[in-house]
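Here the protein sequences come in this chain order: A and B.
Residues 7 to 126, numbered by this note's numbering, are exactly what the first sequence covers, in order.
Residues 10 to 340, numbered by this note's numbering, are exactly what the second sequence covers, in order.
Backbone N, C-alpha and C fix where the C-beta goes; we use that ideal spot for every residue, glycine too.
Predicted, not measured: the structure shown is a model, and the values here were computed from it.
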Amino acid sequence: MSDRPILIVDDDAFVRTLLRDMLAGHGYELREAENGREALALPGPPPRVVLLDLLMPQMSGMEALGLIRDRWPETPVLVISSMDSDRLVQEALEAGATGYITKPFHPVEIASAVERALAL
Amino acid sequence: MPEYWIGDADGRVLGPVSLDVVQDLVNTGRLTQITRASVDGRNWGVPASFPEVMALLLNAPSAESLLESERQEAGRVREQLRGMQDRPPHEIFRLERNASVDAYRNAFFKLVKRFYPDRVRAQAHPELRKAYSDAFQFLSRLMVHIERDLSAGVPVSPLPVVRVVPPPPPLEDEPLAPVPTPAQPARPLTVVPRTRTPAPRPGPIATPPAEGTYSYQPHEFVGFVRRDDRVEVTIKVTARNSGMFTEHPLANLKSDGFYLACPKSLPLGTLVDVIFRFDDDRREVRSRGRVIVENTGGDPARPHGFGVRFITLVEQDRRFMQQFVERTTAR
């Protein structure tokens, strides 16, 4: 198992807990950040996958997405957001998101999206 | 195309996004509180400084027109549901007949979330709420059925809908020989196929059920909070009130919950963010749950209050709380 983590970026501690619990059982190394700025400041190797919220304080998810793509170009980024506008999905994908999952999410959906992202 | 950054009352930022996205989110009620806006993400102003953003807010649908459009949407959902009930599963999900279980799941998640009950606003038209719920239930049952077929290695079959003619009541002096069934209208009955696994109980997901044991019911979908109906409760926990974790037969720590005795109850289903403060241990535990029991006097044997079942509770916190209870009851 790679020691490169899966990085969860969401300002809502409950959502981070939910995602962490869903993924912990799959044996992944997990890290968390409250916002994009904190995520980008994390030391260590690039994450294997980033799960990224869009609506966050300090730095928006879209801005974080661009910076994450610049810093870790090989790392897939899965956007997770309660904003389910088709146009927003399209703009997020155009900005470099690998996938877009709308809240609420299901454990099977998260596990399967992460597996697909890891297989890229 | 100009791009915008939008800030909400909680200090969160969305952007850069096009004005079309902002319009979509405002019109669908996803974005209701814009407190500031920017065109570069650095220089911010009140919405009134951006006439094009302000126009979207001012032109947001009125409560009356929202209700009317929700009533119409309910009709469309009902029609869509009728259409789905008559089609084979792969057509409902727009897949090839021999699609894999992963393909079915992906398509299911994309489709079913549109009907997630909490997505409708608190004051939504009741017909829309019911239509969404029916569509969600149908798709959830269908997904369980599909997984069962595929795991058994058989082609995916439609969800059985059995029309049953109730047998006639026995008549006195009825001859033993078979007789024609008396003419009476058939009562359609939808039979839900039995799944191999019981529906999971709501609770912490720290130990998720094994794959294939999901019911795909709304309670398994998490991470979405309709911010207009969430209640935050802070509870100072001491040895004197630790009975909240043990005394109620339904809402207790062993059943992933607690019962809070207080003069004012919360309605069933209310989403509650709970902060337990264990001052003696200098520890704070945060959790989220739903009200599953309320007592406004109907149960005279118990104090007024409400019981919550946790949706999320970190395993480490649960162990701490369990140890706290054991420690205080041993005194």
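At a Cβ threshold of 8 Å, is residue i touching chain B?
i	result
P82 (chain A)	no
E40 (chain A)	no
V56 (chain A)	no
V120 (chain A)	no
T104 (chain A)	no
R93 (chain A)	yes
V85 (chain A)	no
E100 (chain A)	no
F111 (chain A)	yes
L126 (chain A)	no
L13 (chain A)	no
P49 (chain A)	no
A52 (chain A)	Reading off the sequence shown, one finds Pro at residue 52 (chain A), where the question assumed Ala. For P52 (chain A), the answer is no, since every Cβ of chain B falls outside 8 Å of its Cβ.
Between the Cα of residue i and those of the options, spot the shortest distance and give me the residue it belongs to.
i	options	result
R295 (chain B)	B:G54, B:G252, B:E256 and B:V242	B:V242
M152 (chain B)	B:N115, B:Q132 and B:K139	B:N115
A19 (chain A)	B:E82, B:T321, B:R336 and B:Q332	B:T321
M28 (chain A)	A:S118, A:A123, A:A39 and A:P113	A:P113
N107 (chain B)	B:A57, B:T279, B:G54 and B:V165	B:V165
P312 (chain B)	B:Y225, B:R51, B:Y268 and B:Y223	B:Y268
V121 (chain B)	B:R21, B:G38 and B:A140	B:A140
F145 (chain B)	B:Y125, B:V62, B:G162 and B:R21	B:Y125
K245 (chain B)	B:R286, B:L277, B:P167 and B:S251	B:R286
I116 (chain A)	A:G42, A:G67 and A:R22	A:R22
P97 (chain B)	B:R80, B:D49 and B:H154	B:H154
S27 (chain B)	B:A18, B:A46, B:D17 and B:Q94	B:A46
A18 (chain B)	B:D29, B:V35 and B:I43	B:I43
F117 (chain B)	B:Y225, B:N304 and B:D143	B:Y225
A270 (chain B)	B:T279, B:F59 and B:N250	B:N250
E229 (chain B)	B:S149, B:T279 and B:L277	B:S149
D290 (chain B)	B:M330, B:R299 and B:G20	B:M330
F315 (chain B)	B:M253, B:D49 and B:F147	B:M253
D59 (chain A)	A:A70, A:G33, A:P49 and A:I12	A:A70
G92 (chain B)	B:T222, B:F147, B:R327 and B:N304	B:F147
D49 (chain B)	B:L277, B:I15 and B:S109	B:I15
Please decide whether residue i counts as near chain A, where near means a Cβ-Cβ distance under 8 Å.
i	result
A215 (chain B)	Its pLDDT being 36, under 50, A215 (chain B) is placed unreliably in this model, and the coordinates cannot settle the point.
A18 (chain B)	no
G212 (chain B)	Low per-residue confidence applies at G212 (chain B): pLDDT is 39, beneath 50, and the placement is therefore not dependable, though the value from the model is reported in the following sentence. No, G212 (chain B) lies away from the interface with chain A (no Cβ there is under 8 Å from its Cβ).
F118 (chain B)	yes
D158 (chain B)	no
G298 (chain B)	no
R130 (chain B)	no
L125 (chain B)	For clarity, residue 125 (chain B) is Tyr in the given sequence; the question names Leu instead. True, the Cβ-Cβ gap to chain A drops below 8 Å.
G54 (chain B)	no
V231 (chain B)	yes
V163 (chain B)	no
V22 (chain B)	yes
D49 (chain B)	no
R114 (chain B)	yes
Y223 (chain B)	yes
R295 (chain B)	yes
A186 (chain B)	For A186 (chain B), the predicted model reports a pLDDT of 36, less than 50, meaning its position is unreliable and no value from the coordinates is stated.
K273 (chain B)	no
D111 (chain B)	yes
Buried or exposed: where does residue i fall if 16 or more other Cβ atoms within 10 Å of its Cβ makes it buried?
i	result
E156 (chain B)	buried
E77 (chain B)	exposed
N261 (chain B)	buried
A98 (chain A)	buried
T190 (chain B)	Residue confidence is low: T190 (chain B) scores 35 on pLDDT, short of 50, so the model does not pin down where it sits. No coordinate-derived value is stated.
T247 (chain B)	exposed
T81 (chain A)	buried
V83 (chain A)	buried
E105 (chain B)	exposed
K263 (chain B)	exposed
K109 (chain A)	buried
Practice item. Can you give me, in chain order, the residues of the region 24–44 of chain B that have a beta carbon less than 8 Å from any beta carbon in chain A? Key: G24, P25, V26, S27, D29, V30, D33, L34, T37, R39 and L40
Taking beta-carbon pairs under 7 Å, can you tell me which members of the region 15–47 of chain A lie near chain B?
D17, A19, F20, V21, T23, L24, D27, M28 and G31
In chain order, which continuous runs of the alpha helix (DSSP H) of length 4 or greater are located wholly inside the region 221–287 of chain B?
none
- In chain order, which alpha helix (DSSP H) runs of at least 4 residues are fully inside the region 14–57 of chain B? 28–36
(Q) I'd like the ranges of any alpha helix (DSSP H) spanning at least 4 consecutive residues and lying wholly in the region 57–132 of chain B. (A) 60–67, 72–94, 98–101 and 110–121
May I ask you to list, following chain order, the residues of the region 65–79 of chain A that have a beta carbon less than 8 Å from some beta carbon of chain B?
M65, S66, G67, M68 and E69
Looking at chain A, which residues of the region 304–327 of chain B have a Cβ within less than 9 Å of any of its Cβ atoms? I320, T321, L322, V323 and E324
Chain A contacts made by the region 76–87 of chain B, where a contact means CB separation under 7 Å: none
Selection of the region 134–145 of chain B by Cβ proximity to chain A, strictly under 9 Å: none
Any C-beta of chain A within less than 8 Å: which residues of the region 277–293 of chain B qualify? D282
Can you list, in chain order, the residues of the region 236–268 of chain B whose Cβ is nearer than 9 Å to any Cβ on chain A? none
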